[in-house]
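Protein chains: 2
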Amino acid sequence: MSKRFSAQRERIQAALATLDHPTAAQVYDHVRIAYPQISLGTVYRNLSTMAAEGQVLRLSFPSAPDRFDCNTAEHCHAACQGCGRIFDTDDTLPAQLLTQLDAAVEQATGIRVEARVMLFRGWCADCRTTH
Amino acid sequence: MSKRFSAQRERIQAALATLDHPTAAQVYDHVRIAYPQISLGTVYRNLSTMAAEGQVLRLSFPSAPDRFDCNTAEHCHAACQGCGRIFDTDDTLPAQLLTQLDAAVEQATGIRVEARVMLFRGWCADCRTTH
DNA sequence: ATAATAACGATAATCATTATTATTTAATGA
DNA sequence: TCATTAAATAATAATGATTATCGTTATTAT
Numbered sequence: 067m068s069k070r071f072s073a074q075r076e077r078i079q080a081a082l083a084t085l086d087h088p089t090a091a092q093v094y095d096h097v098r099i100a101y102p103q104i105s106l107g108t109v110y111r112n113l114s115t116m117a118a119e120g121q122v123l124r125l126s127f128p129s130a131p132d133r134f135d136c137n138t139a140e141h142c143h144a145a146c147q148g149c150g151r152i153f154d155t156d157d158t159l160p161a162q163l164l165t166q167l168d169a170a171v172e173q174a175t176g177i178r179v180e181a182r183v184m185l186f187r188g189w190c191a192d193c194r195t196t197h
Numbered sequence: 067m068s069k070r071f072s073a074q075r076e077r078i079q080a081a082l083a084t085l086d087h088p089t090a091a092q093v094y095d096h097v098r099i100a101y102p103q104i105s106l107g108t109v110y111r112n113l114s115t116m117a118a119e120g121q122v123l124r125l126s127f128p129s130a131p132d133r134f135d136c137n138t139a140e141h142c143h144a145a146c147q148g149c150g151r152i153f154d155t156d157d158t159l160p161a162q163l164l165t166q167l168d169a170a171v172e173q174a175t176g177i178r179v180e181a182r183v184m185l186f187r188g189w190c191a192d193c194r195t196t197h
């Protein structure tokens, strides 16, 4: 009936659900296995559109390509400086902690917080043993 | 004995102190006024070195050049969605709160946190009254 | 069905950043 | 001091990620 999105876009969405915080290139490589004629530009175009529409989160890291996250729920990211993996905090961060944080920010800046982008950097358990 | 830096690097450091979260290009343009022969590559090289040495913070945002912050003390940024102003929390965020955050992140992800990038979005006091 | 609109694939262009290289400046030390 | 070595520079080429263009194809509306 109503095919809301193109076949390419649906495959990109499926790839996002399968892969873990992929880059555009990783999405491209994944989709290309079953759909070789897709173009990298199409992947970028759709990812950018989806990010603008709020269907996907675009994450930016220094000296690294952007990554995309289909989980648009409230959560933070922790990046390992050793292996580069990105971990989700999901909703395991105590909500009461975030509330306190918002209050502290409002007191310090006057901003009543509506959204947060929090990226933590450090070493994962695996990399800590080898450093 | 204190380490001596090149004239170029000292000018870059001075620019960082003057400008507010500048990009490399903005540092370049500022230094160039009084020191026209400096090269953009020199700016990038020094900024990267300083970031690696922990003398400067490198901030990354989607679809925008990296920004550099000479305030390496623990602080966050809060952006107003109304007027666009950016507020620093400086060190007014309770350290004990950040420690708790780090612990929660490590428990959730395994990452032992070394650095955080926290950007808050919301409405400042002025804009809240007019919205 | 036909016209209008949107999305596509291929590829060129752009932008930020890093690497190269020849040269200059600073440090070392006999 | 003067020569030697090391480090940093300016200029510029190269790279990598992302966006823009453009002719074509697919989808939607009349």
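So the sequences go chain by chain: P and R. Using the working numbering, the letters of the first sequence correspond one by one to residues 67 to 197. Using the working numbering, the letters of the second sequence correspond one by one to residues 67 to 197. Every residue, glycine too, gets a C-beta built ideally from N, C-alpha and C. Model, not experiment: these values are computed from the prediction.
Item	Value
Taking all protein chains shown into account, do 16 or more other C-beta atoms lie within 10 angstroms of the C-beta of V179/R, making it buried, or fewer, making it exposed?	buried
Among the residues of its own chain, which have a CB less than 6 Å from the CB of R77/P, if the five just before and after it don't count?	V97 and Y101
Counting only C-beta atoms, is T196/R closer than 7 Å to chain P at any point?	no
Do T263/R and C136/R have their C-beta atoms closer together than 7 Å?	Nothing can be reported for residue 263/R, as the shown portion of chain R is limited to 67 through 197.
Taking beta-carbon pairs under 9 Å, can you tell me which members of the segment 98 to 126 of chain P lie near chain R?	S114, A117, R124, L125 and S126
I'd like to know whether the C-beta atoms of Q147/R and R194/R end up nearer to each other than 7 Å.	no
Go ahead and label I16/P buried or exposed: buried means 16 or more other beta carbons lie within 10 angstroms of its beta carbon, across all protein chains shown.	Outside the shown range of chain P (67 to 197) lies residue 16/P, about which nothing can therefore be said.
On the DSSP letters alone, give me the boundaries of the beta strand (DSSP E) that R178/R sits inside.	R178 to W189
Mind listing the chain P neighbours of C146/R? Cutoff is C-beta to C-beta under 8 Å, in chain order.	I177
Among all the DSSP beta bridges, which residues are the ones paired with F71/R?	DSSP output for F71/R lists no bridge partner at all.
Would a check of beta-carbon distances place C193/R closer than 7 Å to chain P?	no
With 7 Å set as the bound, which would you pick, yes or no: does the beta-carbon of L159/R sit closer than that to a beta-carbon of chain P?	yes
Measuring alpha carbon to alpha carbon, tell me which of L167/R, Q79/R and G176/R ends up nearest A117/R.	Q79/R
Can you give me the Cβ contacts of D132/R inside the same chain, cut-off strictly under 6 Å, excluding the 5 residues immediately before and after it?	R124 and S126
Mapping the DSSP letters down to three states, classify L85/P as helix, strand or coil.	coil
Using a threshold of 7 Å, state whether the C-beta atoms of F134/P and L113/P are closer than that.	yes
Indicate whether at least one CB of chain R lies closer than 7 Å to the CB of R182/P.	yes
Considering only residues of the same chain and omitting the five flanking positions on each side of T108/R, which have a CB-CB separation below 6 Å?	Q74
Which partner residues does A144/R have in the DSSP bridge list?	F153/R and F186/R
At the level of alpha carbons, what is the spacing between P160/P and W189/R?	24 Å
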